[in-house]
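S.K.: In the working numbering, the protein residues as written are 1 to 201.
I'd like to ask some things about the structure below.
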Amino acid sequence: MKEWLIRNKLYLAAAVAACAIFFYYSFLRGTVPEAEGHPEHFPVVEERTESPAAVALEKVEQILVDVKGEVKKPGVYRAENDERVIDMIERAGGLTEKADAAQVNFAQRLEDEMVIYIPERGKGGEQAILTPASTEDGKININKADAAALQEIPGIGPAKAEAIIEYREKNGPFKEPSQLKEISGIGEKTFEKLESSVTVR
């Protein structure tokens, strides 16, 4: 047996080498395709989606607002359309000691070319002006007008103006002017007088 091994050792070595090569390539052929086909080996492309905050930022516009009356630094200021009257008053240095703050709707949203006039306390007849509460055709927007602007509507006094604002805050914006008839004190006759003077948009 020993002599046979010595005589055939070259053949045995060649056979072992051939087996090794066979198993090596069999291993590669069996594993490489699996690795290439595995999802983890493919590049992942993430779909970019805009967040709600980013969308909101795109809708913000630069506007100009004229602040007058009893503020410390009256003038024309740049603002953004998502700001409120209180923001502009603070930018104008705040109210003076003479300002009649009770007439001002600090929560009203700003609009381009808006004029904010702060009246002096104790001055009869002076009212805060927060335009544009009226449209180009002169109609009063009952969804935006403050108490002072609402009183410019025929047949609407201080009490009814406050009732309109209260209704608006409780039920949301008016969808049509005829909803004013749902407010106590505004009947069919009163509505006929003011219908041509109001709008909801």
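Backbone N, C-alpha and C fix where the C-beta goes; we use that ideal spot for every residue, glycine too.
In this text, all values refer to a predicted model and were calculated from it rather than measured experimentally.
Ignoring anything shorter than 4 residues or poking outside the region 76-106, list the alpha helix (DSSP H) runs there in chain order.
M.R.: The qualifying runs are 85-91.
S.K.: Compare the Cα-Cα distances from P177 to each of S197, A101 and I118 and report the closest residue.
M.R.: Closest by alpha carbon: S197.
S.K.: Decide if A107 is buried, meaning its Cβ has at least 16 other Cβ atoms within 10 Å, or exposed.
M.R.: A107 should be labelled exposed.
S.K.: Report buried or exposed for G172, applying the criterion of at least 16 other Cβ atoms within 10 angstroms of its Cβ.
M.R.: Flag for G172 reads exposed.
S.K.: Which one of M88, T190 and Q151 has the shortest CA to CA distance from I116?
M.R.: Checking every option, the nearest Cα to that of I116 belongs to M88.
S.K.: For T199, which residues does DSSP report across the bridge?
M.R.: Answer by DSSP bridge pairing, in chain order: N141.
S.K.: Is it right to say I142 is buried, meaning 16 or more other beta carbons lie within 10 angstroms of its own, or is it exposed?
M.R.: Buried, because 16 or more other Cβ atoms sit within 10 Å of the Cβ of I142.
S.K.: Might you give, ordered along the chain, the residues of its own chain that have their beta carbon closer than 8 Å to the beta carbon of A79, omitting 5 neighbours on each side?
M.R.: Q62, I63, L64, V65, D87, M88, R91 and L110.
S.K.: On the criterion of 16 or more Cβ atoms from any shown chain inside 10 Å, does K144 qualify as buried, or is it exposed?
M.R.: Buried is the call here.
S.K.: Measuring alpha carbon to alpha carbon, tell me which of M114, V104 and A163 ends up nearest I183.
M.R.: Out of M114, V104 and A163, A163 has the C-alpha closest to the C-alpha of I183.
S.K.: Excluding the 5 residues flanking G37 on each side, which residues of the same chain have their C-beta closer than 6 Å to its C-beta?
M.R.: Low local confidence applies: a pLDDT of 47 at G37 is under 50, so the model's placement there is unreliable, with the coordinate-based value given in what follows. Excluding positions up to five away in sequence, the list is empty.
S.K.: Just curious, the alpha helix (DSSP H) that F191 is in, first and last residue?
M.R.: It spans E188 to L194 - the alpha helix (DSSP H) in which F191 sits, taken as one unbroken run.
S.K.: Can you tell me whether E70 is buried or exposed, with buried defined as 16 or more other CB within 10 angstroms of its CB?
M.R.: Under this definition E70 is a buried residue.
S.K.: Please look up how many angstroms separate the CB atoms of I186 and K170, rounded, as I've assumed it's under 8 Å.
M.R.: Actually they are not in contact, since the Cβ atoms of I186 and K170 sit about 15 Å apart, beyond 8 Å.
S.K.: In chain order, what residues of the same chain have a beta carbon less than 8 Å from the beta carbon of K123, not counting five sequence neighbours either side?
M.R.: So the list reads D100, once near-sequence residues are dropped.
S.K.: Confirm, please, whether the CB-CB distance from G93 to K68 is below 8 Å.
M.R.: Contact: no.
S.K.: Tell me whether A149 is buried or exposed, calling it buried when 16 or more other Cβ atoms sit within 10 Å of its Cβ.
M.R.: So A149 ends up on the buried side.
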